[in-house]
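Line by line, the protein sequences are chains Y and U. The first sequence: position 19 = 19 (my numbering), numbered continuously. To convert, count from 1 in the second sequence and add 1000; that's my numbering. Positions of the beta carbon are idealized from the N, C-alpha and C atoms, including for glycine. As the structure is a computational prediction, the values presented were derived from the model and not from experiment. Shown next, in structure tokens, is the structure this report addresses.
2 protein chains.
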Amino acid sequence: METACLVNGEVYAYVPAGDRGLAYGDGLFETLVVERGRPRFWQGHMDRLQRGCSVLHIAMPPQELLLREVLTVAAGRSACVVKIILTRGAAGRGYAPPRDGQPTRFVAAYELPADLGDAQRRGVRGRVCDLRLALQPALGGIKHLNRLEQVLAAMEMRAHPGLEGILLNQEGFVVGAISANLFLVCGDTLITPRMDRSGVRGVTRNLILRDFKARTELRRVTPDMLEEADELFLCNAVRGVMPLVEVDGHEWPAGPVTRELQSWFERRAGGA
Amino acid sequence: METACLVNGEVYAYVPAGDRGLAYGDGLFETLVVERGRPRFWQGHMDRLQRGCSVLHIAMPPQELLLREVLTVAAGRSACVVKIILTRGAAGRGYAPPRDGQPTRFVAAYELPADLGDAQRRGVRGRVCDLRLALQPALGGIKHLNRLEQVLAAMEMRAHPGLEGILLNQEGFVVGAISANLFLVCGDTLITPRMDRSGVRGVTRNLILRDFKARTELRRVTPDMLEEADELFLCNAVRGVMPLVEVDGHEWPAGPVTRELQSWFERRAGGA
């Protein structure tokens, strides 16, 4: 099926070459699943986009407008991935944004990834990337368009097909996978790395932190802590909850707490 | 005068919304001056672009092709700024680049900034930004499209109109101005910060390092070292060499070594 695209609400697949999203990565994005005309975790995606807009001082478009555009590109598909890119808009040269700029919205539908069931049932295997994420508290946690680190990490992982790249930051703390958040299961407790200096606060991660508040802890996570965990799992709004069953030779079971979180995700994704 | 744009050689001002330059800032740029049909420091810009392509594994277009496009957009102007954006090109979703991708070239002409003479004669004043640059050795020195830090710093400097934002990195070392490199003059010696972990290796900086090899030193520069310098100057391929005569209340003269470098720049820019 062809990809349906809207730029600022018009059926169009191009953005002005002077857009600051292209010039500087000056913008944000969201990637969500739409099933039978219902965007999954809509409010979670909108809350994160709003937070990114506040950090970058970009005017957040009305949520109803974005919702209408998401439903338009998803129309006629039983399930798809929709990506929203929101930039500061077109401008001339120079880092300082114009005060009267108009944000650019790009909304497009893509096929769902095919191999989700297997990753969820049997788990995924990982490898710690050589690339270390920089620390930037001013951008911590938001899903901005400056993603060269993730591109370099994904290129590094080409030499290890089928493995998930696990990212540490410059200080050696674990951040997560290249495009998924990481949780450690220790007894009944769910530990996940802080996202205040690098990494993205995933929508699924945010929901887990809310729904399992009493059982979750935000920590600086060392590689040693992974080895001591009972189970590990990755999560992401498109791929759901996936057991992480091996990293660089260390193994963990796809255990009962991860299975519990998978059931929770299925209920949540279904609208519960 | 209207801005002339070429996208992949066609007179066009739009790029595919699926371009990885927009999605991830997955690309590079160059900003150069073209005077009377002659691009200033052409080889320096091409060498830096080539280096960035090597780091990001993007195929460098033939230099003759880029030259032709630069001259096309500059045609009919006595002097202008030309910006080249080179991205990894259009692709589907996902950080891993396609193996068969075709880079996108965007080449556009802009007016020269108006106030250059004054900044060069009387110097500029600066202020240390609150924003600190992250350390990322994998991207150090190249002029990539992930520029949100510079955007945030430029937004911060709106509260201080007319001042240059001076950037430190997360460890507190001085990197340079938001869009210019910094040199310290200490006696006869020219000291400039290393660009191996953050910042851009400017084309003018590279030329100074080559032409004044015996007198230059690459250092980790602390704010204290600025205070002990005899003179400071900023440099950039468009704005030339500018005395930096004040930072947060500390003052330096627009001294003889800076004036020497300005004469050098004028000769170099004129083709010597």
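Item to check | Alpha carbon of Y/Cys53 to alpha carbon of Y/Pro137, nearest angstrom | outcome: Here residue 53 of chain Y refers to the residue found at position 53 of the first sequence. Here residue 137 of chain Y refers to the residue found at position 137 of the first sequence. So the two alpha carbons sit approximately 16 Å from each other.
Checklist entry - Which residues in the same chain as Y/Thr258 place their Cβ atom closer than 6 Å to its Cβ, once the five residues preceding and following it in sequence are excluded? => result The sequence position of residue 258 of chain Y within the first sequence is 258, counting from 1. Excluding sequence neighbours, Y/Thr258 sits near Glu231, Phe233 and Pro243.
Item to check | 8 Å CB neighbourhood of Y/Glu217 in its chain, flanking five on each side removed | outcome: As a first step, residue 217 of chain Y is located in the first sequence; it is residue number 217 there, counting from the start. Cβ neighbours of Y/Glu217 beyond the five flanking positions: Thr189, Leu190, Ile191 and Thr192.
Checklist entry - Among residues of its own chain, excluding the 5 on either side of U/Glu1030, which ones have a beta-carbon nearer than 6 Å to its beta-carbon? => result Taking the second sequence and counting its residues from 1, one reaches residue 1030 of chain U at position 30. Correct list, in chain order: His1045, Leu1049 and Ile1084.
Checklist entry - Are the C-beta of U/Cys1080 and some C-beta of chain Y separated by less than 8 Å? => result Position 80 of the second sequence holds residue 1080 of chain U. No, U/Cys1080 does not count as interfacial toward chain Y.
Checklist entry - If you run the structure through DSSP and keep just helix, strand and coil, what is U/Phe1173? => result Taking the first residue of the second sequence as 1, we reach residue 1173 of chain U at position 173. It is coil, neither helix nor strand.
Checklist entry - If we count the other Cβ atoms within 10 Å of its Cβ and call it buried at 16 or more, is Y/Ala75 buried or exposed? => result As a position in the first sequence, residue 75 of chain Y is number 75, starting the count at 1. Classification for Y/Ala75: exposed.
Item to check | Start-to-end residues for the alpha helix (DSSP H) that takes in Y/Tyr24 | outcome: Taking the first residue of the first sequence as 1, we reach residue 24 of chain Y at position 24. From DSSP, the alpha helix (DSSP H) with Y/Tyr24 extends over Arg20 to Tyr24.
Next on the checklist: Looking at U/Ala1284: is its Cβ nearer than 8 Å to the Cβ of U/Leu1032?
Outcome noted: Only positions 1001 to 1272 of chain U appear in this structure, which leaves residue 1284 of chain U out of reach.
Checklist entry - Leaving out five residues before and five after U/Ser1263 in sequence, what residues of the same chain have Cβ atoms less than 8 Å from its Cβ? => result The residue given as residue 1263 of chain U occupies position 263 in the second sequence. Cβ neighbours of U/Ser1263 beyond the five flanking positions: none.
Next on the checklist: Are the CB atoms of Y/Asp100 and Y/Gly141 within a distance shorter than 8 Å?
Outcome noted: Taking the first sequence and counting its residues from 1, one reaches residue 141 of chain Y at position 141. Taking the first sequence and counting its residues from 1, one reaches residue 100 of chain Y at position 100. Going by C-beta atoms, Y/Gly141 is not nearer than 8 Å to Y/Asp100.
Item to check | Proximal residues of chain U, C-beta to C-beta of Y/His144 below 7 Å | outcome: Indexing the first sequence from 1 puts residue 144 of chain Y at position 144. Chain U residues near Y/His144: Leu1148.
Checklist entry - Which two residues bound the contiguous alpha helix (DSSP H) that contains U/Arg1259? => result Residue 1259 of chain U sits at position 259 when you count from the first residue of the second sequence. Taken as a continuous stretch (DSSP letters only), the alpha helix (DSSP H) holding U/Arg1259 covers Pro1256 to Ala1269.
Next on the checklist: Judging by CA-CA distance, which residue of Y/Gln63, Y/Lys143, Y/Glu149 and Y/Val107 is the nearest neighbour of Y/Arg201?
Outcome noted: Here residue 201 of chain Y refers to the residue found at position 201 of the first sequence. Per the Cα distances, Y/Lys143.
Next on the checklist: What would DSSP say about U/Lys1143, mapped onto helix, strand or coil?
Outcome noted: Within the second sequence, numbered from 1, the residue matching residue 1143 of chain U stands at position 143. Three-state result, U/Lys1143: coil.
Item to check | Residues of the segment 90 to 115 of chain Y whose Cβ lies closer than 8 Å to any Cβ of chain U, in chain order | outcome: Gly92, Arg93, Gly94, Tyr95, Ala96, Pro97, Phe106, Ala108 and Tyr110
Next on the checklist: If the criterion is Cβ atoms closer than 8 Å, does the pair U/Phe1265 and U/Val1221 meet it?
Outcome noted: Here the question's residue 1265 of chain U lines up with position 265 in the second sequence. Here the question's residue 1221 of chain U lines up with position 221 in the second sequence. It is not a contact, given that the beta carbons lie outside the stated cut-off.
Item to check | Proximal chain U residues relative to Y/Ile85, where beta-carbon distance stays under 8 Å | outcome: Your numbering for residue 85 of chain Y matches position 85 in the first sequence. Simply Ala1017, Leu1022 and Ala1023.
Next on the checklist: Assuming U/Ala1091 and U/Pro1097 are in contact, meaning their beta carbons sit under 8 Å apart, how far apart are those beta carbons, in whole angstroms?
Outcome noted: Position 91 of the second sequence, counted from the start, is the residue given in the question as residue 1091 of chain U. Position 97 of the second sequence, counted from the start, is the residue given in the question as residue 1097 of chain U. Confirmed, Cβ separation roughly 7 Å.
Item to check | Rounded C-alpha distance that separates U/Val1107 from U/Met1060 | outcome: Within the second sequence, the letter at position 107 stands for residue 1107 of chain U. Within the second sequence, the letter at position 60 stands for residue 1060 of chain U. Near 15 Å, if we compare the C-alpha coordinates of U/Met1060 and U/Val1107.
Checklist entry - Taking a cut of 8 Å between CB atoms, which residues from the segment 158 to 186 of chain Y lie near chain U? => result Arg158, Gln170, Ile178 and Ser179
Checklist entry - In chain order, which alpha helix (DSSP H) runs of at least 4 residues are fully inside the segment 1169 to 1221 of chain U? => result 1203 to 1211
Next on the checklist: The beta strand (DSSP E) that contains Y/Glu228, what's its start and end?
Outcome noted: Numbered from 1 along the first sequence, position 228 holds the residue referred to as residue 228 of chain Y. Note, Y/Glu228: premise wrong, no beta strand (DSSP E); alpha helix (DSSP H) at Pro223 to Glu228.
Checklist entry - Sorted by chain position, which residues of the same chain lie with C-beta nearer than 7 Å to Y/Val292's C-beta, five sequence neighbours on each side aside? => result Coverage of chain Y is limited to positions 1 through 272, which leaves residue 292 of chain Y absent and any answer about it impossible.
Item to check | Partner residues on chain Y for U/Val1033, Cβ-Cβ distance less than 8 Å | outcome: The residue labelled residue 1033 of chain U in the question sits at position 33 within the second sequence. Going along chain Y, no residue has its Cβ under 8 Å from U/Val1033, so there is no contact; the nearest lies around 12 Å.
Checklist entry - For U/Ala1134, which of helix, strand or coil comes out of DSSP? => result Taking the second sequence and counting its residues from 1, the one referred to as residue 1134 of chain U is at position 134. In the structure shown, U/Ala1134 sits in coil (DSSP, three-state: anything other than H, G, I, E or B).
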